[in-house]
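*Asks:* Quick one: this structure, given as structure tokens, is what I'll be asking you about.
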DNA sequence: ACGCTAACCGTTAGCGCTAACAACTTGGCG
DNA sequence: CGCCAAGTTGTTAGCGCTAACGGTTAGCGT
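Residue numbers (this note's numbering), protein chains in the order written: chain A, 688 to 1003; chain B, 688 to 1003.
Dropping the structure here:
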């Protein structure tokens, strides 16, 4: 018991014994067993983070925000990946909860009903991130993707574009991209416009994908004067197509993406985009977990909404 | 006990009771407590993964390889990030070991001596990945970065370039980049050549960074006919500079990077690079953990070396 | 001398689960 | 009919740690 107290620096231990304990620990190469520790204390120093993908450029930055805030708190983030699959998501959530984490951060508001149920029963803070368009379970931090799409549509219309196309993921897998598209269409129809073309793709977003789909779309619809992409990675591909084909941006064609990814910096053109505040969302989510009162019987619910800020760049 | 057996599907349980148990579990919203389970069984279903960074485009793919192989085995990867800091690395390793993982995968061969000691004492399979130039603790999976640099140098020399420059990270932080540079210089000197210029940077690799450094380097050394970058992200920046300035690639300037990142696909030019086999390395590392014999008293040591394959693209 | 407090250290029980073994129940077989 | 093996369920102890509380000692005031 004294050793336990000494190593955790809790309770009263004389500095002499503390020193002795520390030296013995060092000498023996003692590594505490957190399984036992957490089990005994009925607390946890894990924070579960459930995201759809790690390779998509967008979630690593959320993770960085989370890690930055958790650093020094003694809490450790554990990541689970769902591949945009609600079945898999539920399995990952179960896995996470079986470690009795201090809290859970999970991307999106759409979950299997059974997953939602175990989340509600879990008695730990649940933070749904990225999106605020829906019914949060408890805490929620994100932007409105509907608004993001709508505002970009308004912006493009205001810039004078009339033959506007969309390139994005096959929607059922990515709810937020769907919401952006819906908002975008709504924004267009405010001005009496509609999408004049669209290309959907399955599989991951990539520059190559964006370039190929842009090529195809322009071939089929040469009159298009502006393309809105569901992701910056795709719009970069569009820009690459234009560079390779000598299409002048934005004179012949305007381009706009979403996310404000770091890869936009340093390109020959500053691509228009919407900042999704990914890092800040991660930070805030971590804060909510840290601040969550232990007395969990209260109905603490809270939604933090960030503003989807348009960066016009020089491609619109 | 019967319930435990039923839910884990081990031992003999009649299908009738199994069904009853499962229904009860569902009804009660039972989520097993893995802390207790792992503690009691003295085994673990965690695999620790220690990487320098998640935002650098390169490690997520390693993680994907690991996850793919671990999928279905019941093991879960847990990621820790070191920011290329050996102190932090040691802390992360300690954290990891305190969860008593089944095995540990860790990037690089360079560690604090005390970290190396606790790794050796840990009695679980330790897989050092990415690099094979050094003394592995136990298992090792990677490529020789020295060879990668040397072979690229030979290639560039063979292509006729004589005024070759290098752009890369400030080395003390990134041992593998350092080894590539050393190998590269060695390769050049085989042909009686030396670097005619170099630019080092701190902070993360980024397209923007690559573009700026390329601009500066060309300004200071206009005669340079070829640049080798420590990372593809940087060489993309170089290409962007050339596109923006109308520098013809590879006629006026040859470019080569390292890693064979996905962002190379779809650019106006196919950038030359070296494939670092990141996904395969992740897979193999996971395999080694899965195959590791439980009888841990044997001296199972093994190094798996991949070949750093040059992709010439059309920029050299 | 006494009580009292603070500082320190030890004892006990138990976190939720599983390995190991014990015990009971069948059915089959000689 | 007894007996054994296989199938099935129950019992016990303990994984390594910590909350809670109990004891001891020293220091202090009265």
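Here a beta-carbon is modelled for each residue, glycine too, at the ideal position from N, C-alpha and C.
Check the Cβ of residue 836 of chain B against every Cβ in chain A and list those closer than 9 Å, keeping chain order.
*Replies:* Position 149 of the second chain holds residue 836 of chain B. In chain order: nothing, as chain A lies at least about 25 Å away.
*Asks:* Using a Cβ-Cβ cutoff of 7 Å, what residues of the region 742-759 of chain A are near chain B? List them in chain order.
*Replies:* Those would be 742, 747, 748, 750, 751, 754, in chain order.
*Asks:* Below 9 Å on C-beta distance, what does residue 946 of chain B contact in chain A?
*Replies:* What you label residue 946 of chain B is simply residue 259 of the second chain in a count that begins at 1. Neighbours of residue 946 of chain B on chain A: none; closest Cβ ~14 Å, over 9 Å.
*Asks:* Would you please state the rounded distance, in angstroms, between the beta carbons of residue 832 of chain A and residue 879 of chain A? I believe it to be under 8 Å.
*Replies:* Translated into positions along the first chain, residue 832 of chain A becomes position 145. Translated into positions along the first chain, residue 879 of chain A becomes position 192. Not quite, the Cβ-Cβ distance comes to about 23 Å (not below 8 Å), so this is no contact.
*Asks:* Where do the N-terminal and C-terminal ends of the beta strand (DSSP E) with residue 998 of chain B fall, by residue?
*Replies:* Against the second chain, residue 998 of chain B aligns to sequence position 311. It spans 996-998 - the beta strand (DSSP E) in which residue 998 of chain B sits, taken as one unbroken run.
*Asks:* Taking C-alpha atoms, which residue in B/723, B/744, B/746, B/805 lies nearest to residue 714 of chain A?
*Replies:* In the first chain, residue 714 of chain A corresponds to position 27, counting from 1. Closest by alpha carbon: B/805.
*Asks:* First and last residue of the alpha helix (DSSP H) that includes residue 966 of chain B?
*Replies:* As a working note, residue 966 of chain B is residue 279 in the second chain. Its alpha helix (DSSP H) spans residues 965-978.
*Asks:* Of all the CB atoms in chain A, is at least one closer than 7 Å to the CB of residue 949 of chain B?
*Replies:* On the second chain, residue 949 of chain B is found 262 positions in, with the first residue counted as 1. At least one chain A Cβ lies under 7 Å of residue 949 of chain B.
*Asks:* Beta-carbon within less than 8 Å of residue 779 of chain B's beta-carbon, same chain only, minus the 5 sequence neighbours each way: which residues are those?
*Replies:* As a working note, residue 779 of chain B is residue 92 in the second chain. The residues are 737, 767, 768, 769.
*Asks:* Apply the 10 Å Cβ neighbour rule to residue 910 of chain B and answer buried if 16 or more other Cβ atoms are within range, or exposed otherwise.
*Replies:* By 1-based counting over the second chain, the position of residue 910 of chain B is 223. Counting Cβ neighbours within 10 Å, residue 910 of chain B comes out exposed, since fewer than 16 surround it.
*Asks:* Taking residue 810 of chain B as the query, report the chain A residues whose CB atoms sit under 9 Å from its CB, ordered along the chain.
*Replies:* The sequence position of residue 810 of chain B within the second chain is 123, counting from 1. By Cβ distance, chain A contributes nothing, its closest Cβ being about 11 Å from residue 810 of chain B, past 9 Å.
*Asks:* Just the C-alpha distance for residue 761 of chain A and residue 872 of chain A, rounded to the nearest angstrom, thanks.
*Replies:* Along the first chain, one-based indexing puts residue 761 of chain A at 74. Along the first chain, one-based indexing puts residue 872 of chain A at 185. If you take the alpha carbons of residue 761 of chain A and residue 872 of chain A, they lie about 46 Å apart.
*Asks:* By the criterion of Cβ-Cβ separation under 7 Å, what are the contact partners of residue 723 of chain B in chain A?
*Replies:* Locating residue 723 of chain B in the second chain gives position 36, where the first residue counts as 1. Within chain A, the residues near residue 723 of chain B are 726.
*Asks:* Using a Cβ-Cβ cutoff of 8 Å, what residues of the region 771-798 of chain A are near chain B? List them in chain order.
*Replies:* Here the close residues are 781, 782, 784, 785, 786, 787.
*Asks:* For residue 911 of chain B, go through chain A and note every residue whose CB falls closer than 8 Å to its CB, in chain order.
*Replies:* Residue numbering aside, residue 911 of chain B sits at position 224 when the second chain is read from its first letter. The contacting residues do not exist; residue 911 of chain B stays about 19 Å from chain A at best.
*Asks:* Taking residue 822 of chain A as part of the alpha helix (DSSP H), name the residues at either end of that continuous run.
*Replies:* Taking the first residue of the first chain as position 1, residue 822 of chain A is located at position 135. That residue, residue 822 of chain A, is in no alpha helix (DSSP H); it is neither H nor E in DSSP.
*Asks:* How would you write the range of the alpha helix (DSSP H) that residue 929 of chain B sits in, first residue to last?
*Replies:* Position 242 of the second chain, counting from 1, holds the residue named residue 929 of chain B. From DSSP, the alpha helix (DSSP H) with residue 929 of chain B extends over 919-932.
*Asks:* Please state the DSSP three-state secondary structure of residue 753 of chain B.
*Replies:* In the second chain, residue 753 of chain B corresponds to position 66, counting from 1. Of the three classes helix, strand and coil, the one that applies to residue 753 of chain B here is helix, per DSSP.
*Asks:* If you pair each beta-carbon of the region 824-842 of chain A with each one of the region 883-894 of chain A, do three or more pairs fall below 8 Å?
*Replies:* With a cut-off of 8 Å, the region 883-894 of chain A and the region 824-842 of chain A do not count as touching, because too few Cβ pairs lie within range.
*Asks:* Please name the residue or residues paired with residue 830 of chain B in a DSSP beta bridge.
*Replies:* As a working mapping, residue 830 of chain B is identified with position 143 in the second chain. In DSSP, residue 830 of chain B forms a bridge with B/818, B/993.
*Asks:* With DSSP as the reference, please indicate the residues paired to residue 791 of chain A in a beta bridge.
*Replies:* The count along the first chain starts at 1 and reaches residue 791 of chain A at position 104. DSSP output for residue 791 of chain A lists A/735, A/813 as bridge partner(s).
*Asks:* Which first and last residues belong to the alpha helix (DSSP H) in which residue 862 of chain A is found?
*Replies:* In the first chain, counting from the first residue as 1, residue 862 of chain A sits at position 175. Element bounds for residue 862 of chain A: 862-877.
*Asks:* So, is the C-beta of residue 867 of chain A closer than 7 Å to a C-beta in chain B?
*Replies:* Position 180 of the first chain, counted from the start, is the residue given in the question as residue 867 of chain A. No, because no Cβ of chain B sits closer than 7 Å to the Cβ of residue 867 of chain A.
*Asks:* For residue 981 of chain B, count neighbouring Cβ atoms within 10 angstroms of its own Cβ and tell me buried if that reaches 16, exposed if not.
*Replies:* Within the second chain, numbered from 1, the residue matching residue 981 of chain B stands at position 294. Exposed: under 16 other Cβ atoms inside 10 Å.
*Asks:* In the DSSP assignment, find the alpha helix (DSSP H) that holds residue 768 of chain A and state where it starts and stops.
*Replies:* To locate residue 768 of chain A, count along the first chain from 1; it is residue 81. Note, residue 768 of chain A: premise wrong, no alpha helix (DSSP H); beta strand (DSSP E) at 763-768.
*Asks:* Is the region 772-787 of chain A touching the region 955-963 of chain A, taking contact as three or more C-beta pairs under 8 Å?
*Replies:* Segments in contact, no.
*Asks:* Measuring straight from C-alpha to C-alpha, what distance separates residue 989 of chain B and residue 816 of chain B?
*Replies:* Start at 1 with the first residue of the second chain, and residue 989 of chain B comes out as number 302. Start at 1 with the first residue of the second chain, and residue 816 of chain B comes out as number 129. For residue 989 of chain B and residue 816 of chain B, the distance between alpha carbons rounds to 12 Å.
*Asks:* Taking the alpha-carbon of residue 783 of chain A as reference, which of B/954, B/810, B/719 has the nearest alpha-carbon?
*Replies:* As a working mapping, residue 783 of chain A is identified with position 96 in the first chain. Ranking the options by Cα distance to residue 783 of chain A, first place goes to B/719.
*Asks:* Distance cutoff 7 Å, beta carbons only. Does residue 851 of chain B sit that close to anything in chain A?
*Replies:* The count along the second chain starts at 1 and reaches residue 851 of chain B at position 164. So, not an interface residue.
*Asks:* Count the CB pairs spanning the region 969-980 of chain A and the region 938-947 of chain A that are closer than 8 Å, and state whether there are at least three.
*Replies:* Short answer: they don't touch.
*Asks:* Is any heavy atom in the ligand HEM found nearer than 6 Å to the beta carbon of residue 794 of chain A?
*Replies:* Absent from the structure shown: the ligand HEM. Ligands present: none.
*Asks:* Using the beta-carbon of each residue, which ones in chain A are nearer than 8 Å to residue 952 of chain B?
*Replies:* As a first step, residue 952 of chain B is located in the second chain; it is residue number 265 there, counting from the start. In chain order: 893, 894, 895.
*Asks:* Would the region 892-899 of chain A count as touching the region 841-853 of chain A if we require 3 or more Cβ pairs under 8 Å?
*Replies:* The answer is no - the region 841-853 of chain A does not touch the region 892-899 of chain A, with fewer than three Cβ pairs under 8 Å.
*Asks:* Beta carbons nearer than 8 Å to chain A: which residues of the region 698-720 of chain B have them?
*Replies:* Taking 8 Å as the Cβ-Cβ cut-off against chain A, the residues of the region 698-720 of chain B that qualify are 716, 718, 719, 720.
*Asks:* I'd like to know whether the C-beta of residue 824 of chain B is nearer than 7 Å to at least one C-beta of chain A.
*Replies:* Within the second chain, the letter at position 137 stands for residue 824 of chain B. Not closer than 7 Å to any Cβ of chain A, the Cβ of residue 824 of chain B fails to qualify, so no.
*Asks:* Please state whether DSSP places residue 730 of chain B in a helix, a strand or coil.
*Replies:* By 1-based counting over the second chain, the position of residue 730 of chain B is 43. Note: residue 730 of chain B maps to coil in three-state DSSP.
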